[in-house]
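Here my numbering = 1-based position in the sequence shown + 3.
Heads up, the beta-carbon is just placed ideally off N, CA and C, and yes, glycines get one too.
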Amino acid sequence: MLLLILSSCLCAATFVVNVTQSSYEAEENHSITLEWTFTTRTQGSWKNLFIICEFRTSVKSGVIYVHHDGDEFPDSQDDQFSGRVQSDKDVLREGRIRLHVSRLRTEDSGLYRCNMKTEDGFNSGRCRLNVTAAADQIQTQRPTLTSEPERGRWTIIVIIALGVISAAALMFLLCYLVVKCCLPVDVYYSDAKETRDFNPLIV
Ligand SMILES: *[C@@H]1O[C@H](CO)[C@@H](O)[C@H](O)[C@H]1NC(C)=O
Ligand SMILES: *[C@@H]1O[C@H](CO)[C@@H](O)[C@H](O)[C@H]1NC(C)=O
Ligand SMILES: *[C@@H]1O[C@H](CO)[C@@H](O)[C@H](O)[C@H]1NC(C)=O
């Protein structure tokens, strides 16, 4: 009996869940990968592996990820994270839990804890995520800074284009007048035909 208690305590102690980083910083709309490590077995993988990852923010708490023996349960996930969490099931064999959270929101800031239960014990690891709204300020500033020189550049291009077009039109008119006044009638006709063919290219 004592041996049984001792051995179960020993096993519980040998199953460890760690965080690779205790705190993460990210910007709104960016994505992040939260990672935990846990004790792997020397032979085979854990049976009855149960993972439940939870979050707690200043507003609410809930479930972000559930895994049981190779199956994921997206229905258990809180709406706040629906469609935004991807896990890497392949790395579970290496003793890692990787949750990729995309399109971060400032309200995602908070604590993230993964609880794990195996036939040999239970353990959990916790990290903190801080999502800042810095990108918002940069993005609202940038358009006002870039649009003015850009608008100026376009104005110059339009002015140059108009100048070129009016110069070409003037040249055309001049040639036309010169041809009409100075050349014999038959030459004028052939020339006019040529310029008429040319006309769409200029305009
Ligand atoms: C957990 O962290 C401890 C202390 O840093 C380390 O000794 C141990 O190897 C880690 N275990 C796992 C499974 O990452
Ligand atoms: C989150 O990050 C911002 C900007 O770096 C910092 O001012 C704030 O104190 C951080 N909050 C927490 C809870 O770490
Ligand atoms: C984040 O993405 C949403 C939707 O794509 C957009 O409306 C919002 O302006 C973006 N915020 C920032 C800070 O980029």
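Any idea what DSSP makes of residue i, helix, strand or coil?
| i | result |
| --- | --- |
| residue 97 | helix |
| residue 39 | strand |
| residue 87 | coil |
| residue 119 | strand |
| residue 52 | coil |
| residue 167 | helix |
| residue 64 | strand |
| residue 79 | helix |
Do the CB positions of residue i and residue j come within less than 8 Å of each other?
| i | j | result |
| --- | --- | --- |
| residue 112 | residue 36 | no |
| residue 94 | residue 68 | no |
| residue 38 | residue 108 | no |
| residue 130 | residue 34 | no |
| residue 21 | residue 128 | yes |
| residue 90 | residue 106 | no |
| residue 126 | residue 19 | yes |
| residue 57 | residue 116 | yes |
| residue 40 | residue 23 | yes |
| residue 121 | residue 32 | no |
| residue 42 | residue 17 | yes |
| residue 62 | residue 84 | no |
Does ligand 2 have even one heavy atom less than 7 Å from the beta-carbon of residue i?
| i | result |
| --- | --- |
| residue 135 | yes |
| residue 30 | no |
State the Cα-Cα distance for the pair residue i and residue j, rounded to the nearest angstrom.
| i | j | result |
| --- | --- | --- |
| residue 78 | residue 86 | 11 Å |
| residue 148 | residue 156 | Low confidence applies to residue 148: its pLDDT is 48, below 50, so where it sits in the model is not reliable enough to give any reading. |
| residue 48 | residue 66 | 25 Å |
| residue 114 | residue 30 | 16 Å |
| residue 55 | residue 70 | 6 Å |
| residue 173 | residue 136 | 57 Å |
Would you say residue i faces chain B, with C-beta separation under 8 Å as the test?
| i | result |
| --- | --- |
| residue 48 | No chain B is present in this structure, which holds just one protein chain. |
So which residues put a beta carbon under 7 Å from any heavy atom of ligand 1, going in chain order?
Cβ atoms closer than 7 Å to ligand 1 belong to 19, 21, 40, 41, 42 and 98.
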